[in-house]
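Just below is one structure, and these are the notes that go with it.
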Amino acid sequence: MTAIPNTLPASKEVQLWVGPQHPGIPGNMAMQMWVEGDTIQRGITHVGYLHRAFEKLVERRTFYQTFPLVCRICVPEPDTNEYLLAAAVEELAGIADDIPERAQWIRTLVLEMSRLGALLMVVGGQAGGMGLGATPQWMIALRDYVLDLFEELSGARVYHMYIIYGGVRRDLPEGFAERVEAVLKKIEERLPMIDNLIFDSVVFRKRAMNVAVIPKEWADQTGMSGPVVRAMGIPRDVRKDYPYLVYPELDFDVVTTEGSDIYARVQVRRKEIDQAMDLIRQILARMPKDGPIMTRTGNMLRWQVPAGQTYVRAEATRGEYGYYIVTDGSDKIRRFHVRGPSFVHGVSLLERMLPGMNISDLYPVMNSLQVCPPEIER
133 MTAIPNTLPA
143 SKEVQLWVGP
153 QHPGIPGNMA
163 MQMWVEGDTI
173 QRGITHVGYL
183 HRAFEKLVER
193 RTFYQTFPLV
203 CRICVPEPDT
213 NEYLLAAAVE
223 ELAGIADDIP
233 ERAQWIRTLV
243 LEMSRLGALL
253 MVVGGQAGGM
263 GLGATPQWMI
273 ALRDYVLDLF
283 EELSGARVYH
293 MYIIYGGVRR
303 DLPEGFAERV
313 EAVLKKIEER
323 LPMIDNLIFD
333 SVVFRKRAMN
343 VAVIPKEWAD
353 QTGMSGPVVR
363 AMGIPRDVRK
373 DYPYLVYPEL
383 DFDVVTTEGS
393 DIYARVQVRR
403 KEIDQAMDLI
413 RQILARMPKD
423 GPIMTRTGNM
433 LRWQVPAGQT
443 YVRAEATRGE
453 YGYYIVTDGS
463 DKIRRFHVRG
473 PSFVHGVSLL
483 ERMLPGMNIS
493 DLYPVMNSLQ
503 VCPPEIER
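What follows is the structure, given as structure tokens:
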């Protein structure tokens, strides 16, 4: 019998690539890892597969032509990008204080509806990545109710382009508040069953508790934000720390929990689903019943903004989102830069977390960090 030659390397480490096309990764990115057995020794994140030059494209468009671009930077939550673009340019144009009060309330409503839909999707996806197949199906079904409301409001289910310079594109349809309340009740009716599927599941608890614990000192070292940092017990939320729109008039506390593991991060997002529904109800109850929804901006096709620069931030579902914009007095943005949480969480933080991680935990960890690769590729 001919002996089989031993061609295995002397080292026990094996190089393994995951992605860029993989059902466990939320988008097109790749992980180059060196593993020993089923333990990751080190790894490198590779991005670039979704690069579409959003920042440079925005700089080549007139102000009003930029909205179809920014709302596509990250699909699950486009409205945050719409608001940041509008708020930054309004500040540079000198009309930020002229935005009608009702428009500010409607903008806040849209952002919280968007947050609710994104949270439903990410919590369901987290459970689905651990083998709990029914949960994401139910959560996506609930999110569809929210998308129905957006379709009624803006005419589109995903890319709404509803928040624009000067206010919002149209007023709320008649009876919209009642239909929103009906959707919230449907969601509330089903959440206890979903809680039972997730948090009472032995599989979920074993795969989430004490897994991927992030040291608290990493929070400032890496610039973490959103549910990832709030799961450490740190009450960091742009809506409270740097208030905008009508958030100072709303009654809510920053959701935090302890543990800093996958379980804690899912807990924070689950509690924020309840918080988003409560904020939506507060907005609908307290917003002005009538009034203008747009301020005068002149001919938007010929709009020119004075030279200046500004940085505007908001709290997205994934964490702090920021727009840095420079104008030069022309009809286009001179420099446009997006600060998104996915680069921090999906590149710098994830690479620090990889050593010692079990390879089967990679996908739940990425979901718990809520990485959005299209947001990294700008």
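If you number the sequence shown the way the numbering used here does, the last residue is 510 and the count never jumps.
Just so it is clear, CB atoms sit at the ideal spot from N, CA and C, and this is done for glycine as well.
Handout entry: Residue closest to residue 365, alpha-carbon to alpha-carbon, out of 371, 377, 399 and 381
Key = 399
Exercise for the section: Please confirm if the stretch 440 to 455 is in contact with the stretch 213 to 229, defined as three or more CB-CB distances below 8 Å between the two stretches. Expected result: yes
Problem - Identified DSSP bridge partners for residue 454 - result: Partner(s): 445 and 471.
Practice task
May I have the straight-line CA-CA distance separating residue 383 from residue 174, to the nearest angstrom?
Solution key: 44 Å
Practice task
Please state if the CB of residue 217 and the CB of residue 202 are separated by a distance shorter than 7 Å.
Solution key: yes
Problem - Contact under 7 Å by Cβ, residue 179 with residue 508 - result: yes
Problem - For residue 490, three-class secondary structure by DSSP - result: strand
Handout entry: Integer-rounded CB distance, given that residue 499 should sit under 8 Å from residue 261
Key = 5 Å
Practice task
Could you name the residues of the same chain whose beta carbon sits closer than 7 Å to that of residue 401, not counting the 5 residues immediately before and after it, in chain order?
Solution key: 251, 254, 255 and 359
Problem - Assigned secondary structure, residue 516 (DSSP; H/G/I helix, E/B strand, else coil) - result: Since the first and last residues shown for the chain are 133 and 510, residue 516 lies out of range.
Exercise for the section: Taking residue 458 and residue 466 to be in contact with their CB atoms under 8 Å, please state how far apart those CB atoms are, rounded to whole angstroms. Expected result: 5 Å
Exercise for the section: Please name the residue, chosen from 493, 160 and 488, that lies closest to residue 145 on a Cα-to-Cα basis. Expected result: 488
Practice task
Can you have a look at residue 362 and say buried or exposed, based on whether 16 or more other CB atoms are within 10 angstroms of its CB?
Solution key: Counting of Cβ neighbours within 10 angstroms places residue 362 among the buried residues, the total reaching 16 or more.
Exercise for the section: Since I believe residue 378 is in contact with residue 236 (beta carbons under 8 Å), could you give me their beta-carbon distance rounded to a whole number of angstroms? Expected result: That belief holds up - the Cβ atoms of residue 236 and residue 378 are roughly 5 Å apart, short of 8 Å.
Handout entry: Per-residue DSSP class, three states only, for residue 361
Key = The three-state reading of DSSP puts residue 361 in helix, counting H, G and I together.
Exercise for the section: Would you be able to state if there are at least three C-beta pairs under 8 Å between the stretch 479 to 493 and the stretch 240 to 248? Expected result: Touching, no, given that fewer than three Cβ pairs across the two stretches are closer than 8 Å.
Problem - Classification of residue 446 by the beta-carbon crowding that lies within 10 angstroms, buried from 16 upward - result: buried
Practice task
Going by CA-CA distance only, name the one from 244, 440, 301 and 410 that's closest to residue 278.
Solution key: Ranking 244, 440, 301 and 410 by Cα distance to residue 278 puts 244 first.
Handout entry: Beta-ladder partner(s) of residue 278, from DSSP
Key = Note: residue 278 sits in no beta bridge, so no partner.
Handout entry: Spatially closest choice to residue 316 from 437, 274 and 326, by CA coordinates
Key = 274
Practice task
Answer yes or no: do residue 425 and residue 303 have a C-beta to C-beta separation smaller than 7 Å?
Solution key: A contact, by the Cβ cut-off of 7 Å.
Problem - Contact under 7 Å by Cβ, residue 343 with residue 385 - result: no
Problem - Cβ-Cβ separation, residue 161 to residue 171 (assumed contact under 8 Å), whole Å - result: Contact flag wrong, Cβ pair sits at about 22 Å.
Practice task
Pull up the distance between the alpha-carbon of residue 152 and that of residue 321, whole angstroms please.
Solution key: 38 Å
Problem - Residue range of the unbroken alpha helix (DSSP H) whose run includes residue 396 - result: Membership of residue 396 in the alpha helix (DSSP H) is indicated by the continuous run 394 to 418.
Handout entry: 6 Å Cβ shell around residue 258 - same chain, five flanking residues per side excluded
Key = 398 and 499
Handout entry: Three-state secondary structure assigned by DSSP to residue 201
Key = helix
Exercise for the section: Would you kindly report the start and end of the unbroken alpha helix (DSSP H) that includes residue 257? Expected result: Element bounds for residue 257: 233 to 260.
Problem - From 501, 494 and 510, residue whose alpha carbon lies closest to that of residue 155 - result: 494
Practice task
Check residue 348 in the structure and name its three-state DSSP category.
Solution key: coil
Exercise for the section: Taking all protein chains shown into account, decide if residue 433 is buried (16 or more other Cβ within 10 angstroms of its Cβ) or exposed. Expected result: exposed
Problem - For residue 163, the first and last residue of its enclosing beta strand (DSSP E) - result: From DSSP, the beta strand (DSSP E) with residue 163 extends over 162 to 168.
Exercise for the section: State the Cα-Cα distance for the pair residue 164 and residue 157, rounded to the nearest angstrom. Expected result: 13 Å
Exercise for the section: Give the DSSP bridge partners of residue 426, in chain order. Expected result: 299
Problem - Status (buried if at least 16 other CB within 10 Å, exposed otherwise) for residue 357 - result: buried
Exercise for the section: Consult DSSP for residue 289 and reduce its assignment to one of helix, strand or coil. Expected result: It is coil, neither helix nor strand.
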